[in-house]
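Heads up: take any position in the sequence shown, counting from 1, add 250, and you land on the numbering used here. Positions of the beta carbon are idealized from the N, C-alpha and C atoms, including for glycine. The structure under discussion appears below in the form of C-alpha cells.
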Amino acid sequence: MSILLEIKNVWKQYGDAVVLEQLSKCVSAGEFVTIVGASGCGKTTFLNMLLGTESYSKGKILLDGKPLPSEPSQDRGVVFQRYSAFPHLTVLRNTMLGAELSASPFLGIVFNRRKFSAIREKAEKMLESVGLSHALNSYPHELSGGMQQRLSIAQALMKQPRMLLLDEPFGALDPGTRSDMHKLILALWKETGITIFMVTHDIEEGFYLGTRLWVFDKVRFDPHNAEAYGAQITYDIDVDQSAKRRLKKELELELEKSEQAFGASE
Ligand SMILES: Nc1ncnc2c1ncn2[C@@H]1O[C@H](COP(=O)(O)OP(=O)(O)O)[C@@H](O)[C@H]1O
Ligand SMILES: [Mg+2]
C-alpha cells in the first residue's frame, strides 16, 4: 500500500501551552485510523491540522510526499459531531452546495444547465449511497440525528476526498442508529478505499471500526506547569493483527479441544 500521509515530529502549541508533541506516524492509503484519548488532550486539534484549518507549530505533515496544503482542499472531507447544514436549503441543495460553490465561487449559483444537472445527479447518487433518497426535499430540521449525520457524510464525500475526517460523528446518536451508521461507514470505506481518521470516545467503537487504533495521552508532566507538555500518540494498535491473533488463539484452542475429543474416541 502506498504511503498517503507522513507526520514528522509534529508539535502544536497555543501560546505557551503545549497541546500535542512529538507526533510521528505514517499512514497508508486506505487505512481506517480510530483515535481515542481523554477530553481536552488535542484530538480535535489534530484533525483540524489534517484538515488545514489549524496550523502546527513544529514538524512536518506530508500528503503524497508534499507539504499538506495549509487550507482545506478537495483532498479532505470532514464530519463533526454537530452537523452544519444550511437550514433554509433542502437535503439535496445542501449536498450540491460545495460543488456549486467550486463551480461558481462567488455566487454559488450555477447558470450552466448541463453543469447544474451533473452536480444534481452526483448529489442524488451520493444521497442514495448514504440512504437518504427518500429525503431529498426535506429540510435539515426535519431530519433525525442519524439522518443529519448521513447528510454530513454525503456532503463530505461529494468531492471524492482522499481522506475523511470524523470527529466523534456518532457520539450523540442512540445505540441502534449508531450501529446502522457503523454499517454505513464500513460499507462506504470498503467501496471507496478512502482513508479515514475518526475520533471517538467509545473505545469499543474504535476497535470495531478501525484497522488501526491510536491513543492520545500525556506521558510527561511538570508538577508546576500543567501546560508544559502535550499529548503524544502512546499506543498504535494494529487492530487487524490483534484480531487475527485472537482468532488464531481461538482456533488453536478449538483444534486442541478437537484433537482431545478425537483422542478420547479412539
Ligand atoms: N483555538 C484555541 N486556542 C487556544 N487553545 C485551544 C484552541 N483550541 C483548542 N485549545 C486547547 O487545546 C486543548 C485541546 O483541545 P481539543 O483539541 O479540542 O481536545 P479534544 O478534542 O481531545 O477534547 C484544550 O486544552 C483546548 O482548550
Ligand atoms: Mg474534540
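Can you tell me the Cβ-Cβ gap for residue i and residue j, rounded? I've got them flagged as a contact below 8 Å.
i: Val449; j: Ser402; result: Contact doesn't hold; Cβ gap of about 14 Å is too wide.
i: His432; j: Tyr458; result: 7 Å
i: Leu386; j: Thr340; result: 7 Å
i: Phe282; j: Gly460; result: 5 Å
i: Gln405; j: Gly443; result: With a Cβ gap of about 20 Å, Gln405 and Gly443 do not count as contacting.
Per DSSP, what are the beta-bridge partners of residue i in this structure?
i: Cys276; result: Glu256
i: Trp261; result: Lys308
i: Val540; result: It is not possible to answer for residue 540, since the shown part of the chain is limited to 251 through 516.
i: Tyr485; result: Val465
i: Ala267; result: Tyr264
i: Phe282; result: Ile446
i: Leu313; result: Leu255, Lys316
i: Gly287; result: Phe466
Taking Cβ positions, are residue i and residue j nearer each other than 8 Å?
i: Met299; j: Lys262; result: yes
i: Ser305; j: Ser320; result: yes
i: Thr445; j: Ala335; result: no
i: Gly287; j: Asp467; result: yes
i: Leu297; j: Phe420; result: no
i: Ala373; j: Leu351; result: no
i: Met397; j: Thr345; result: no
i: Gly395; j: Ala422; result: yes
i: Glu418; j: His451; result: yes
i: Pro337; j: Tyr389; result: yes
i: Leu438; j: Ser383; result: no
i: Ile253; j: Trp464; result: no
i: Gly480; j: Glu271; result: yes
i: Gly292; j: Pro411; result: no
i: Gln482; j: Leu318; result: no
i: Thr303; j: Val269; result: no
Please list, following the chain, all residues that have a C-beta closer than 6 Å to any non-hydrogen atom of ligand 1. Tyr264, Val269, Gly287, Ser289, Gly290, Cys291, Gly292, Lys293, Thr294, Thr295
Is the stretch 476-489 touching the stretch 309-318 in the sense that three or more CB pairs, one from each, lie closer than 8 Å? no
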